[in-house]
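Heads up: the sequence shown runs through residues 7 to 357, numbered per full-length UniProt numbering.
In this text, a Cβ means the ideal position worked out from N, Cα and C, and glycines have one as well.
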Amino acid sequence: NISENHPVIRQLDEAAINRIAAGEVVERPASAVKELVENALDAGARRITVDCADGGKRLIRVTDDGCGIAADDLPLALSRHATSKIDGTDLLNIHTFGFRGEALPSLGAVGRLTVTSRVAGQDAAEILVEGGTVNAVRPAALNSGTVVTLRELFYATPARLKFLRTDRAESQAIADVVKRLSMAEPFVQFILRDVSGDAPREIFRAEGETGDLFDALHGRLSGVIGREFAENALRIDAEREGLHLTGYAALPTYSRGAAVAQYLFVNGRPVRDKLLVGALRAAYFDFLSRDRHPVAALFLDCDPKLVDVNVHPAKSEVRFRDPGMARGLIVSALRHALAEAGHRASTTVAG
Ligand code: ADP
Ligand code: MG
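Next up, the structure:
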């Protein structure tokens, strides 16, 4: 009898919905770090410190000196689809890392999350979320900015916990996320520490750079990718029909055996995009042997309307309105710079 056996359709509660969404937003500790550091950057922070214990599984703590969250807004910041960054009317015009209002509620659904924050001129406050249950806002002590602490990530979803790699591998993924974001924001200080042991151990530090954007970027890339890269890097600065390409690309002599040091950004966002990686490869085609890979940090900037960053919750993929133009600009700008450098080198030798 079908009418007795038909499945019951239920409305899921908020905690269950957040846990499901968390599966997309927070794949591993490094994704939590990415979301929290992006929030700090969106808040205008100039100094960001990331502390992790046991590869981020036991503890992730991100401290920033940004604008803070008002005590009254803390519950809202932790509820789903609540954001201060867009009003929903213009999804084609996004200038911040965040806009979905999903990160904090997702993290609160899969770990023990504490947000402590202070807006200038107000009292500091804090809120604790555990397994999706939001507790009452309490007074707290904090000078300025925001501290987000995530303890025991995935304790509520043991299946996910089982799929994580070793602490060492997760730490490495976290360092990679922090380094990539630090390249996108050379004026901001970044510190990454491992606090697993008794004394904190610094894993990465980048002081806020000064000077114009190219100076700052060059300094930051020298610190992150290495001095040798910076010394062998060609400055890239090209524009075509509202699409700007800036950054540094290494001489072919400074290449690698694997495509591990290719950092691509679209409108300030680190991306892993096949189209852009393909363009980079094509640009070096005549300058490198098949088994070598170029090293570069390239920033493509355009009107947000020309690129859709809304493709994936983790937002590492983008979709260009005119993919051919993005590819064409990268290929021609890099080829031009490489050819010019080659020409300079040959005339120097001849002279
Ligand atoms: P989104 O970043 O997409 O807006 P989140 O869930 O990451 O969503 O954050 C929700 C809101 O909480 C943000 O829109 C912002 O107003 C506030 N917020 C989160 N982190 C910070 C921070 N570090 N400093 C200031 N405000 C923050
Ligand atoms: Mg966010």
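Compare the beta carbon distance of residue i and residue j with 8 Å and say whether it is the shorter of the two.
i	j	result
Val183	Lys40	yes
Val125	Ile75	yes
Asn24	Pro111	yes
Leu167	Glu176	no
Gly114	Tyr161	no
Thr152	Gly214	no
Arg226	Ala212	yes
Ala331	Glu247	Here residue 331 is Met; the residue named in the question, Ala, does not match the sequence. Yes; because the gap between Cβ atoms is below 8 Å, this pair is in contact.
Phe196	Ser188	yes
Val194	Arg67	no
Ser228	Ala222	no
Ala77	Asp19	no
Ala179	Arg278	no
Thr122	Leu84	no
Gly274	Ala339	no
Ala181	Leu198	yes
Phe220	Arg233	no
Arg333	Ala285	yes
Please determine, among the options, the residue with the shortest C-alpha to C-alpha distance to residue i.
i	options	result
Phe105	His87, Leu113, Ala244, Gly137	His87
Leu306	Arg296, Val324, Phe293	Val324
Leu159	Ala22, Ala28, Glu20, Leu335	Ala28
Val143	Asn149, Glu132, Ala83	Glu132
Thr259	Leu344, Val154, Asn273, Thr122	Leu344
Ala265	Arg298, Glu234, Ile15	Arg298
Arg327	Ile26, Val315, Asp19	Val315
residue 359	Gln178, Gly107, Phe220	No information on residue 359 is available, as it lies outside the stretch 7 to 357 that the chain covers here.
Asp173	Thr216, Leu65, Glu234	Leu65
Ile336	Ala347, Ala38, His250, Gly263	His250
Leu82	Ala109, Ser338, Thr69, Phe103	Ala109
Val31	His342, Ser322, Thr89	Ser322
Asp48	Asp200, Thr163, Asp204, Ser90	Ser90
Ser150	Asp218, Asp243, Ile54	Ile54
Arg296	Val313, Gly263, Ile15	Gly263
Thr120	Thr102, Phe103, Asn141, Gly127	Asn141
Leu80	Val313, Val14, Val154	Val154
Asp218	Pro192, Gln17, Ile15	Pro192
Pro164	Lys63, Ala146, Arg16	Lys63
Phe103	Thr69, Ala146, Gly50	Gly50
Lys280	Pro329, Asp243, Asp309	Pro329
Could you check whether the Cβ of residue i sits closer than 7 Å to any heavy atom belonging to the ligand GDP?
i	result
Pro111	Within the structure as shown, the ligand GDP is missing, the only ligands being the ligand ADP and the ligand MG.
Can you round the beta-carbon distance between residue i and residue j to whole angstroms, since I take them to be within the 8 Å contact cut?
i	j	result
Val261	Leu294	Looking at the sequence provided, one finds Ser at residue 261 rather than Val. That pair is a contact at about 6 Å.
Arg350	Pro276	With a Cβ gap of about 31 Å, Arg350 and Pro276 do not count as contacting.
Exercise for the section: Determine contact between the segment 250-265 and the segment 281-299, defined as no fewer than three beta-carbon pairs at a distance below 8 Å. Expected result: yes
Practice task
Inspect the CB distances between the segment 262-273 and the segment 297-312 and report whether three or more fall short of 8 Å.
Solution key: yes
Practice task
Assess, as a yes-or-no matter, whether the segment 189-209 is touched by the segment 92-102 under the definition of 3 or more beta carbon pairs within less than 8 Å.
Solution key: A contact is defined here as three or more CB-CB pairs under 8 Å, and the segment 92-102 fails this definition with respect to the segment 189-209.
Practice task
Would you check if the segment 123-137 and the segment 54-61 touch, i.e. whether three or more CB-CB distances between them fall below 8 Å?
Solution key: no
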